[in-house]
Amino acid sequence: MMTLKVLIGTSQKNNPEEAALEIITQAKSDQNVAPKMVLLFSTIHYAQKDGHKRVLKQIYNNIPKTTPLIGGSVAGFMNNSGVFTKGISAVFFYSEDGEFHIGVGKNTKRNPQKAAQSCSKMIKSKIQNKTWKSKFLFELVASGIIFRIPLAGNKKIIKTPNFFDPFFNPLMSLLTKTFQIGNGREDEVIEILAKEFNDFIILGGSTLDDNKWISSYQFFNQEVLTNSVVAAAILGDFDTRLNTSLGLTPSGIKINPTKVGLFNCSINKIDHKAATQTLLEKLNWPKEFINESLHRKSLYYPLCYKKGDQLCSRVLALVVGGNLVFTNVVKSNELEIYTASGKSLIDAVDEHDLIPSRFVIFVSCCARLEALGRNIFKVHQKIVNQLGNTPFILIYASGEDAHSAGKEILRLNESFNSTQFR
């Protein structure tokens, strides 16, 4: 059986160097051996004054320069120490065997296929033994970025005249490809990763800031990147268990998109009518709901469709005139509005068959963090009660990815996903 020890460090210190040193103190092995790999997660607060670069530099002042490291900015995280919407956390892996490899691909919004292939090639070229019992890939992709409107800033509800609607898809597609602003195109990245690593369990998500979608950072060794995909492969003789839960209930209200665009991530027409107003009618909501609070209301009413026997959930990210924009692909699937409650989102933890393990990594949706507010501590308590002293990390991302070996990849919103290393 593979030897695997995981130590986790956490800090909320404002000074990046001091935060990194606190992490090192908590996560460094008492046997003075070097980690095989590091995962680093940070809230957006450390982006100021080159904070992320300073954290990475300090970490590498205390570990070998050859240690592989990936990570990124997240809306928040939780681990054995608590729940954090400001802070930084690192996962140090120690092992005498197994393989730990990382890869990177750049310009994910401009050319997602090339970025994914570059990342895959980098990892696969390093794998020495293809017969390991378990193969796990953790990946992070840059999220979409909301464009700034002159004198108005970044808004999630943008009112435009009706004549603008036909120009929305081509304009936004151009902005995404040219300036890498707009849709993240993560679906296209992970589809390639799932093909390249079809016999792997894959877990991951999209990096972001504090739910504003203004900035998004990825870490690769000592580099701080944007518009990139980073991934880490762990191969060895251990058991891994992947679980996904949603905590959603079908409402019976069907949505029939008749026009989609923006890399299949926007719904322009529902039943051949403007999508925004038609969705409000389906929900029996007044037009006065079209304001900045609509995003928060919609968190409890995700749109879902079936991908094989799996339910795929989509949360509204942006409204531009009559167009509904999502972070993930919706295509022309028949959708159904599902409903969620605070209790159902919390109880989704119980579907994961969590038991004390060597390590557990979770990826959940930033929408859950926003929707639950202080009740997020109930999620933490459930995890701690079930895992005991097992080291764990949970990150809140903008979109979540889950893939079982040999199956189709799931790109989700408002989900709760885990991989247990037993």
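Residues 2 to 423 (the working numbering) are what the sequence shown spells out, left to right.
From the three backbone atoms N, C-alpha and C, an ideal C-beta is built for every residue, glycine too.
Ignore the nearest five residues each way along the sequence and tell me which others in residue i's own chain have a CB closer than 8 Å to its CB.
i      : result
Phe180 : none
Ser30  : Lys6, Leu8, Pro36, Phe93 and Tyr95
Val330 : Asp188, Phe264, Asn265, Cys266 and Arg412
Asn199 : Ala406 and Gly407
Glu409 : Ala195, Lys308, Gly309 and Gln311
Asn292 : Ile158
Phe85  : Thr11, Gln13, Thr44, Gly77, Phe78 and Met79
Ser119 : Gly104, Val105, Gly106 and Lys107
Leu281 : Pro287, Lys288, Phe290 and Ile291
I need the straight-line Cα distance from residue i to residue j, nearest angstrom please.
i      : j      : result
Asn1   : Ala35  : Any property of residue 1 remains undetermined from this structure, which presents the chain solely from 2 to 423.
Ile347 : His381 : 9 Å
Lys110 : Ile182 : 8 Å
Phe201 : Thr391 : 23 Å
Thr11  : Ser82  : 8 Å
Ile268 : Lys196 : 27 Å
Lys87  : Phe164 : 42 Å
Arg55  : Pro17  : 6 Å
Ser345 : Ser43  : 28 Å
Ser216 : Leu336 : 30 Å
Glu100 : Val39  : 13 Å
Pro447 : Met123 : This structure cannot speak to residue 447, because the chain is shown only from 2 to 423.
His296 : Val105 : 32 Å
Arg308 : Ala20  : Here residue 308 is Lys; the residue named in the question, Arg, does not match the sequence. The alpha-carbon atoms of Lys308 and Ala20 are separated by roughly 42 Å.
Leu226 : Leu373 : 30 Å
Ala398 : Thr259 : 30 Å
Ser419 : Ser144 : 20 Å
Pro162 : Phe168 : 11 Å
Phe290 : Lys283 : 13 Å
Ala229 : Lys298 : The amino acid at residue 229 is misidentified as Ala; the sequence shows Ser. In a straight line, the C-alpha of Ser229 is about 31 Å away from that of Lys298.
Asn334 : Pro171 : 21 Å
Glu212 : Thr132 : Note that residue 212 is Asn in the sequence shown here, rather than Glu. So the two alpha carbons sit approximately 40 Å from each other.
Ser121 : Lys127 : 10 Å
Met173 : Gly253 : 32 Å
Val74  : Gly400 : The sequence shown places Ser at residue 74, rather than the Val named in the question. Ser74 and Gly400: Cα-Cα distance of roughly 13 Å.
What does the Cβ neighbour count give for residue i, buried or exposed, with the cut at 16 atoms within 10 Å?
i      : result
His53  : buried
Asp166 : buried
Lys50  : exposed
Gln32  : exposed
Gly77  : buried
Lys107 : buried
Pro69  : buried
Ile356 : exposed
Lys288 : exposed
Ile191 : buried
Lys157 : buried
Glu415 : buried
Arg315 : buried
Leu304 : buried
Ser294 : exposed
Gln129 : exposed
Asn376 : exposed
Thr424 : This structure cannot speak to residue 424, because the chain is shown only from 2 to 423.
Asn80  : buried
Leu300 : buried
Leu175 : exposed
Identify, in the order they occur along the chain, each residue of the same chain with its Cβ nearer than 6 Å to the Cβ of residue i, setting aside the five sequence neighbours on each side.
i      : result
Lys6   : Tyr95
Thr177 : Lys110, Gly183 and Asn184
Gly389 : Pro357
Gln421 : Arg242, Ser358 and Val361
Ile103 : Pro69, Ile71 and Ala233
Ala368 : Leu300, Val316 and Glu415
Here's a check: name, in chain order, each residue in its chain whose Cβ is nearer than 7 Å to the Cβ of residue i, leaving out the five neighbours to either side.
i      : result
Gln114 : Glu189 and Ile193
Ala28  : Leu8, Ile9, Gly10, Ala91 and Phe93
Lys444 : As displayed, the chain neither begins before 2 nor continues past 423, which places residue 444 out of reach and without an answer.
Ile25  : Gly10, Ile60 and Asn63
Asp98  : Met3, Thr4 and Gly237
Lys379 : Ile347
Whether or not the region 392-411 and the region 201-208 are in contact is what I'm after, with contact meaning three or more pairs of Cβ atoms, one per stretch, closer than 8 Å; do they touch? yes
Segment contact, 8 Å Cβ cut-off, at least three pairs: the region 336-353 with the region 234-253: yes
Please determine if the region 318-338 and the region 267-276 are in contact, where contact requires at least 3 C-beta pairs separated by less than 8 Å. yes
Evaluate contact between the region 350-358 and the region 373-388, counting only Cβ atoms and requiring at least three cross-stretch pairs below 8 Å. yes
Three or more C-beta pairs below 8 Å linking the region 55-63 and the region 361-372: no
Using 8 Å as the threshold, is the region 324-337 in touch with the region 252-271, meaning 3 or more CB pairs across them? yes
Indicate whether the contact test is met: 3 or more Cβ pairs, each with one atom in the region 133-150 and one in the region 236-247, closer than 8 Å. yes
Only counting runs of 3 or more residues, tell me where the beta strand (DSSP E) segments fall wholly within the region 307-338, in order along the chain. 311-315, 317-321 and 324-327
Those runs of the alpha helix (DSSP H) which lie wholly inside the region 9-41 and span at least 4 residues: 17-28
Could you pull out every unbroken beta strand (DSSP E) segment of at least 3 residues lying fully inside the region 52-99, listed in chain order? 70-74, 77-80, 83-85 and 89-95
Start-end ranges of the alpha helix (DSSP H) lying completely within the region 250-284, minimum 4 residues: 276-284
Entirely enclosed alpha helix (DSSP H) segments - the region 168-208, minimum 4 residues: 187-197
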